[in-house]
Amino acid sequence: MAKELPSRKEDYSLWYNELVKKADLAEHSDVRGCMVIKPYGYSIWEKMQQALDTMFKETGHVNAYFPLFVPKSFLAREASHVEGFAKECAIVTHYRLKNAEDGSGIIVDPEAKLEEELIVRPTSETVIWSTYRKWIQSYRDLPLLINQWANVVRWEMRTRLFLRTTEFLWQEGHTAHATSQEAVDETLQMLGVYAQFAEEFMAMPVYKGKKTESEKFPGAVDTYCIEAMMQDGKALQAGTSHFLGQNFAKAFEVQFANKEGKLEHVWGTSWGVSTRLMGALIMAHSDDDGLVLPPKLAPIHVVIVPIFRSEDELKAISEKADQIKSALKKSGYTVKFDNRDTHKPGFKFAEYELKGVPVRIAIGPRDLENGTVEVARRDTKEKKLISFDAIATDIPALLEDIQNNIYTKALSFRKEMTTPVDSFEEFEKVLEEKGGFLSAHWDGTAETEEKIKEKTKATIRCIPNDAQAENGTCIFSGKPSSRRVLFARAY
RNA sequence: CGGGGUGUAGCACAGUCCGGUAGUGUACCUGGUUUGGGACCAGGGGGUCGUAGGUUCGAAUCCUGCCACCCCGACCA
20 MAKELPSRKE DYSLWYNELV KKADLAEHSD VRGCMVIKPY GYSIWEKMQQ
70 ALDTMFKETG HVNAYFPLFV PKSFLAREAS HVEGFAKECA IVTHYRLKNA
120 EDGSGIIVDP EAKLEEELIV RPTSETVIWS TYRKWIQSYR DLPLLINQWA
170 NVVRWEMRTR LFLRTTEFLW QEGHTAHATS QEAVDETLQM LGVYAQFAEE
220 FMAMPVYKGK KTESEKFPGA VDTYCIEAMM QDGKALQAGT SHFLGQNFAK
270 AFEVQFANKE GKLEHVWGTS WGVSTRLMGA LIMAHSDDDG LVLPPKLAPI
320 HVVIVPIFRS EDELKAISEK ADQIKSALKK SGYTVKFDNR DTHKPGFKFA
370 EYELKGVPVR IAIGPRDLEN GTVEVARRDT KEKKLISFDA IATDIPALLE
420 DIQNNIYTKA LSFRKEMTTP VDSFEEFEKV LEEKGGFLSA HWDGTAETEE
470 KIKEKTKATI RCIPNDAQAE NGTCIFSGKP SSRRVLFARA Y
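By the count of our numbering, the first sequence reaches residue 510 at its end, each step adding exactly one.
Structure representation (structure tokens):
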């Protein structure tokens, strides 16, 4: 049929692309590398935003908004930062168009060249730290705990819906502190917030850890991340939290007077998650029938599909549906009653499965007679009849069960896909045959990391925060190592 | 930026080798019959064939330039 998806096992990329389009989440736009997030996809992103925003506020942060444009000179102030982002910047050079004199159309007016080019922000550290300079004078101004919801542009060579687009939506937190310890604590706190969000809301287990020197954020002292496992055995970096040390404070001369009246540079952090989380959500749970949404992020929790032959039947069913709707609304659930008579029930069943609605209730003449409804859950596709009176208690319990079930499923999948390996032969073999995370000893050098990447395309995803001390030898160089790190091929 | 591929109706594609004025499926519209897992029948509307130029009586088709997108690398949230 028209909306059938390709098999997930056969071609994961194709399956992913088709699912994103057919479930009405997003599509490629006519603009290079950019994406249109469609209303249904955006409503899921809004649920994510809400949950995250609440968590940010609970940890003392407030929202603000900073400019889209970064003067070129700002970017240049932090050496490693500019080096990291220089290759992928969109640059505004002119501010006016005009009609071509030969009538060939609209051209850039060469007279309107900017004296200093403006970079479309790839991230906002530079704009924000140049502002913080004005805001921070004394220890009394600290800590400064600000988050921004924004769009950023990174001119990537190759793009993929949600995972890597030229423009993407995200949140970026930027904080300033009086002491190093406080900034480190903040960095780890926000990493914890991300991990909690991924696990509790997205039902997606993540490893928390630290990036290696070569993988860390340009301008950071330390980069921490959460890493998730996708169903095809590739890892996905789902969020990052950076301890910036005094790097940006020094670059932008942000100093404060401490209690002794001495000037000190402030300590910074930044942390972000993006619409990439949408890609993670899709790839963590969905199947060949379409999207599988965790109830906590589903824009529609329950859809009611009526099965009817006549107007009278529809009317009787509608009454029941309204009762269900208001009962579940009281418990905070969103219910959709799809009473369209332009589509058959079978079509609707398939459509809501494609869109990942966690619970479907079907009501037909038989149910009206027996005082029942048919309840189908999206995650396992199980169907059962329950009595009409049980809905108000059974459905909330079912939704909770779905949330737990998909988390448990993802967790056991990740466990299965995390393999300790002790030799390079084994490393290559497991990577090729099974994929997933490989827990292995590494000598700590960038050279070894790079060579393994060259040979296998696997990178060190992180040094897990909870890695236990364990003496071993590096799988590649044979040199001594004191703990295992996580390798994987990644998106 | 290197290597490969594709641009034809909203979407998916055929037609291109061998030039003769636009097709199929699906979606859409109308009418009817249907409705417990993606309905069926009949009728209908919709296309500057990516773009600019060239060859020709005649170009979706041949030639040249340009543009866009996709896949594989390098880069990355």
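For each residue, glycine too, the CB sits at the ideal point set by N, CA and C.
Residue nearest to residue i in terms of C-alpha spacing, selected from the options
i    : options                   : result
E84  : K91, D160 and Q190        : Looking at the sequence provided, one finds Tyr at residue 84 rather than Glu. Of K91, D160 and Q190, the residue nearest in Cα terms is Q190.
K132 : E120, V111, W148 and D72  : V111
H284 : I301, Q265, A346 and L373 : Q265
A299 : G52, N82, A509 and F443   : A509
K402 : L417, T412 and A411       : L417
T142 : T194, A119 and L87        : L87
M297 : A317, G287 and E279       : A317
K334 : K363, P384 and Y352       : P384
T391 : P377, I410 and G375       : I410
Q487 : S62, D30 and R503         : R503
H193 : T184, R177 and A169       : A169
M209 : A381, V376, F75 and L457  : F75
V311 : E370, E330, L450 and G351 : E370
E272 : K428, A195, D357 and Y226 : A195
S157 : R177, A197 and T206       : A197
T427 : E46, V127 and E218        : E218
F216 : F93, H47 and A247         : A247
Per-residue burial, residue i [other beta carbons within 10 Å of its own, 16 or more giving buried]
i    : result
S293 : buried
Q69  : exposed
G497 : exposed
N490 : exposed
D485 : exposed
N118 : exposed
L282 : exposed
E466 : exposed
M20  : Residue confidence for M20 is low, a pLDDT of 37 falling below 50, so the modelled location carries little weight; the figure read from the coordinates is stated next. With fewer than 16 Cβ atoms within 10 Å of its Cβ, M20 is classed as exposed.
E97  : buried
L404 : exposed
S289 : buried
Through-space distance from residue j to residue i, alpha-carbon basis
i    : j    : result
F446 : C244 : 23 Å
D462 : E473 : 17 Å
D386 : F327 : 11 Å
I155 : C53  : 37 Å
E65  : K28  : 30 Å
M249 : S199 : 35 Å
Y213 : T259 : 8 Å
T150 : R295 : 28 Å
S233 : E435 : 28 Å
D43  : Y35  : 12 Å
V354 : T412 : 15 Å
G228 : G252 : 19 Å
E136 : P162 : 33 Å
E186 : R179 : 11 Å
V394 : K400 : 10 Å
Q167 : R140 : 13 Å
R173 : S458 : 31 Å
A477 : M223 : 22 Å
Whole-angstrom C-beta distance between residue j and residue i, which should lie under 8 Å
i    : j    : result
L373 : D308 : 7 Å
T231 : I479 : 5 Å
G287 : L263 : 4 Å
K315 : F220 : 5 Å
V89  : I165 : That belief does not hold up - the Cβ atoms of V89 and I165 are roughly 17 Å apart, past 8 Å.
I343 : I319 : No, I343 and I319 are not in contact; Cβ-Cβ is about 13 Å, not under 8 Å.
V376 : R396 : Rounded, the Cβ-Cβ distance is 10 Å, inconsistent with contact.
Three-way DSSP call (helix, strand, coil) for residue i in this model
i    : result
S406 : strand
V321 : strand
N424 : helix
M4   : Outside the displayed range of the chain (20 to 510) lies residue 4, so it cannot be described from this structure.
E338 : helix
M67  : helix
I414 : helix
R385 : helix
F75  : helix
Y35  : helix
Q208 : helix
G228 : strand
S289 : strand
V89  : strand
Y84  : coil
A21  : In this prediction, A21 scores a pLDDT of 45, lower than 50, which makes its location untrustworthy; the coordinate-derived value is nonetheless stated afterwards. Here A21 sits in coil by DSSP.
A465 : helix
Y352 : coil
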